[in-house]
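First comes the structure, then the notes that go with it.
2 protein chains.
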Amino acid sequence: MKGISIKDIAKQAGVSPTTVSFVLNGKAKEKRISEQVSKKIQKIAARLKYKPNQLARGLRTGKTKTIGLIVEDIANNFFASLAKVVEDEADKYGYKVLYGSTEDNTEKAKGLLEVLKYRQVDGYIITPTKNLDKEIELLQSASKPLVLMDRYFPHINSSYVVLNNYKGAYDATTHLIAQGYKKIAIVTIASEQTQMKDRLDGFVAALKEHKIPFNKSLVKRLAFDLDRESFNTEIKKFLTSVKDLDAVFFATNYLGIAGIESIRSLGWEIGREIGLVGFDDHDLFRLHSPSITCVSQPIASIGKNIVEVLMNELNHPGSPSRQVVLAPELVVRASSLKQKA
Amino acid sequence: MKGISIKDIAKQAGVSPTTVSFVLNGKAKEKRISEQVSKKIQKIAARLKYKPNQLARGLRTGKTKTIGLIVEDIANNFFASLAKVVEDEADKYGYKVLYGSTEDNTEKAKGLLEVLKYRQVDGYIITPTKNLDKEIELLQSASKPLVLMDRYFPHINSSYVVLNNYKGAYDATTHLIAQGYKKIAIVTIASEQTQMKDRLDGFVAALKEHKIPFNKSLVKRLAFDLDRESFNTEIKKFLTSVKDLDAVFFATNYLGIAGIESIRSLGWEIGREIGLVGFDDHDLFRLHSPSITCVSQPIASIGKNIVEVLMNELNHPGSPSRQVVLAPELVVRASSLKQKA
DNA sequence: GAAACATGCTAAAACGTTTTACTACAGGCC
DNA sequence: GGCCTGTAGTAAAACGTTTTAGCATGTTTC
Chain S
0 MKGISIKDIA
10 KQAGVSPTTV
20 SFVLNGKAKE
30 KRISEQVSKK
40 IQKIAARLKY
50 KPNQLARGLR
60 TGKTKTIGLI
70 VEDIANNFFA
80 SLAKVVEDEA
90 DKYGYKVLYG
100 STEDNTEKAK
110 GLLEVLKYRQ
120 VDGYIITPTK
130 NLDKEIELLQ
140 SASKPLVLMD
150 RYFPHINSSY
160 VVLNNYKGAY
170 DATTHLIAQG
180 YKKIAIVTIA
190 SEQTQMKDRL
200 DGFVAALKEH
210 KIPFNKSLVK
220 RLAFDLDRES
230 FNTEIKKFLT
240 SVKDLDAVFF
250 ATNYLGIAGI
260 ESIRSLGWEI
270 GREIGLVGFD
280 DHDLFRLHSP
290 SITCVSQPIA
300 SIGKNIVEVL
310 MNELNHPGSP
320 SRQVVLAPEL
330 VVRASSLKQK
340 A
Chain P
0 MKGISIKDIA
10 KQAGVSPTTV
20 SFVLNGKAKE
30 KRISEQVSKK
40 IQKIAARLKY
50 KPNQLARGLR
60 TGKTKTIGLI
70 VEDIANNFFA
80 SLAKVVEDEA
90 DKYGYKVLYG
100 STEDNTEKAK
110 GLLEVLKYRQ
120 VDGYIITPTK
130 NLDKEIELLQ
140 SASKPLVLMD
150 RYFPHINSSY
160 VVLNNYKGAY
170 DATTHLIAQG
180 YKKIAIVTIA
190 SEQTQMKDRL
200 DGFVAALKEH
210 KIPFNKSLVK
220 RLAFDLDRES
230 FNTEIKKFLT
240 SVKDLDAVFF
250 ATNYLGIAGI
260 ESIRSLGWEI
270 GREIGLVGFD
280 DHDLFRLHSP
290 SITCVSQPIA
300 SIGKNIVEVL
310 MNELNHPGSP
320 SRQVVLAPEL
330 VVRASSLKQK
340 A
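Each protein sequence line maps, in turn, to chains S and P.
Oh and the first sequence: position 160 is 159 in numbering that gives the first Met the number 0, straight run, nothing missing.
Oh and the second sequence: position 241 is 240 in numbering that gives the first Met the number 0, straight run, nothing missing.
Written as structure tokens, this is what we have:
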């Protein structure tokens, strides 16, 4: 049950393995292999359905044609959809994907990087956790191609592909203001990472710009690793603590889902008694009653850009890093449309 | 930037690479390497943070400690959640996962198998498409460890882990009948594969057993690869075509979602004018108004079983294949509770 | 007629492991 | 002294590629 090797082809063609390798790697011209021999080898290879042994090739060249994809949580709709795009795009370049979820836990992330490293992936797509900067720099100093996604480290000059989170939050908030909401809160994750920071900043900026008083009591920052029950408890506690609250912006998809659940269990009517905007689109947001306004990320474009940038690093080592910031789209639905009383 | 190799350790310890290999593979006793030397090597390896080069090891042993996971669609909530469990479980055994989505397209599936094969994965977890039986048999005759999931081929003696789809559909239908629904339809996917066939069979059996007249007009079988728009159009056409219809069972999660959308766009009130049961749980089903009754799959258990069965095949080649059929849980919610008029 | 060059191909090393077959030495036994 | 047994290790091959350096042979060039 062995596979076909280059030696088998060589034997059949009556040439050396070297020649076969040259031909099959498209170096026939360069290495002055005659058309005749070249054709013959191609034919035999095709007939035997030769597939190069990637391990042997990898061992020799150091290239595995594999990339590592580290996401926050592959079970999360956003990351799962993105993973699929990445997989498809990478495939176009002949790369396979090894993936892993960090659960936003730095230790888990380090473990994943470790495994990917000794599996010799050629490049990395990383959704970094908060203290992963040292490891990223380590990879960089080892000249490993890498692209950060969803968030990045401002103090590190690396490639990244992210959403314009600031604009997402700013637009969402401005939209709520334009609808006439007066007291708008934000529920976010306690994180200093760019994606969350930018969303909070965008929110605050929109309020300030429209002369809406802002103070810290309008912001609730929850720990990432709470379970659903705790999210709900905390959100309810927060929402009832804000006086005259009339709208709330949930800064991640799972917070939005928990938010919907919480608000309903409080007996408040979304869209009537409280305006709501979520982050990332989701079937639930589309089909909820009322439907939920959200900041939607262009997932296909994000995935394509990620792979494109990574392939650039892979194929042109040493070329300058690239930063891509994509525009979000505000999908306006019923949850944020103030009904004229 | 080379990694640490067994040679580096050998040099430092003043022994041969062979000895290092023996010690590091736990064969010290067996190969009569002294405690002294053994300890020394261990220490040096730890100090240098030696990680074996998986490519070299794989090339020599034929084992890559990698498994291939082929799902229908990694962006689908069910498969994404399962993928995460599989990843975590496999990790416990030191295995990494290479994954791919078939989109239920046999050609794509064959392509994935091809790639996984020449990447030398040690074992396969496969959600088969309809004509993949030949390829499965090919893998089997090459003694490749494999586990089918979600569905299987009755005529092939392979390991598999699936839901008791028959019971799932049977329970769902019986529940609707017990609620007093008289004319119950099913919307399913046009597929002869076990998972869809069993769901349809369970549905029909429940009707017959409760002496509810059944005929083909109660069944709508849609092509898998329609887009959302077409699903909606077809479902609406079907639902309005059935006289006195008072309940409907959607046999997959995405059909359920499309079903909700369709019914609402028809202006029918779910739970009042029409009973509804879906398949696979989902945030949308939990939070929809009204909430949606569904047949829920025990995802964690499925994932654990899959990996366990695969590891058994991996570690005990030639041992008999194992079939695991797990029980679904009917999650009863508002969409199927008939309000007494 | 020798040097220079072009042509077409190959031998052998290397990548980092694992594993088989062996060596070298010591001690015990008859 | 010869033979066996046991102990502690090692040399070398093998896995399937890629790649460097080079070997014949024939053709120009002056």
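No residue lacks a Cβ here, since even glycine has one placed at the ideal position from N, Cα and C.
As the structure is a computational prediction, the values presented were derived from the model and not from experiment.
7 Å Cβ shell around residue i - same chain, five flanking residues per side excluded
i: G99/S; result: I69 and L111
i: S20/S; result: I5
i: S216/S; result: V241
i: T105/S; result: T128, K129, N130 and L131
i: S37/P; result: V22 and A27
i: D280/P; result: C293, S295 and V330
i: I8/P; result: V19, I40, I43, A44, L47 and Y49
i: L115/S; result: G67, L97 and Y123
6 Å Cβ shell around residue i - same chain, five flanking residues per side excluded
i: S334/P; result: I269, G270, L275, P289, I291 and T292
i: Q11/S; result: I43
i: I40/P; result: A12, V19 and V22
i: N304/S; result: V160 and V323
i: F152/S; result: D132
i: F223/P; result: D103 and I188
i: L206/P; result: F213
Neighbouring residues, chain S, relative to residue i (Cβ below 8 Å)
i: E86/P; result: I73, Y98, G99 and S100
i: T63/P; result: L54
Secondary structure of residue i, DSSP reduced to three states
i: V67/S; result: Reading the sequence as shown, one finds Gly at residue 67/S and not Val. Three-state result, G67/S: strand.
i: F77/S; result: helix
i: Y169/S; result: helix
i: F284/P; result: helix
i: K236/P; result: helix
i: L217/P; result: helix
i: A9/P; result: helix
i: Y159/S; result: strand
i: Y117/S; result: helix
i: I32/P; result: coil
i: Y98/P; result: strand
i: L244/P; result: coil
i: I3/P; result: coil
i: V14/P; result: coil
i: A340/P; result: With a pLDDT of only 49 at A340/P, under 50, the local geometry of the prediction cannot be trusted, and the value read off the model is given with reservation. If DSSP states are grouped into helix, strand and coil, A340/P belongs with coil.
i: I256/S; result: helix
i: Q192/S; result: coil
i: V276/P; result: strand
i: E268/P; result: coil
i: F152/S; result: coil
i: G122/S; result: strand
Cβ distance (whole Å) where residue i is taken to contact residue j below 8 Å
i: I185/P; j: A250/P; result: 6 Å
i: T173/P; j: R220/P; result: Not quite, the Cβ-Cβ distance comes to about 22 Å (not below 8 Å), so this is no contact.
i: L286/P; j: L283/S; result: 6 Å
i: S158/S; j: V308/S; result: 5 Å
8 Å CB neighbourhood of residue i in its chain, flanking five on each side removed
i: A299/P; result: V84
i: K48/S; result: I3
i: P327/P; result: L162, N163, N164, K166, G167, D170, V294, S295, Q296 and P297
i: N231/S; result: A257, E260, S261 and S264
i: A79/P; result: I73
i: H154/P; result: D132
Listed by chain order, chain P residues near residue i by CB distance under 7 Å
i: K50/S; result: Y117
i: A82/S; result: I73
i: L58/S; result: L54, A55 and L58
i: A79/S; result: I73, A74 and A79
i: V114/S; result: K95
Chain-ordered chain S contacts of residue i [CB-CB under 7 Å]
i: L283/P; result: D282, L283 and L286
Residue i: contacting residues in chain P (beta-carbon distance under 8 Å)
i: I256/S; result: D282 and L286
i: I259/S; result: L286
Contact test: residue i Cβ vs the ligand FMN heavy atom, cutoff 8 Å
i: E272/S; result: The ligand FMN is absent from the structure shown, which contains no ligand whatsoever.
Query raised in the report: Touching or not, the region 254 to 273 of chain P and the region 192 to 211 of chain P, by the rule of three or more beta carbon pairs under 8 Å?
Result: Inter-segment contact for the region 254 to 273 of chain P and the region 192 to 211 of chain P is absent: fewer than three beta-carbon pairs are separated by less than 8 Å.
Query raised in the report: Within the chosen definition, does the region 202 to 219 of chain S reach the region 180 to 190 of chain S through at least 3 CB pairs nearer than 8 Å?
Result: Three or more pairs of CB atoms, one per stretch, sit closer than 8 Å, so the region 202 to 219 of chain S contacts the region 180 to 190 of chain S.
Report task. Answer yes if the region 69 to 80 of chain S comes into contact with the region 123 to 131 of chain P, meaning at least three C-beta pairs across the two stretches below 8 Å, and no otherwise. Result -> As far as the Cβ criterion goes, the region 123 to 131 of chain P does not touch the region 69 to 80 of chain S, which means the pair count is below three.
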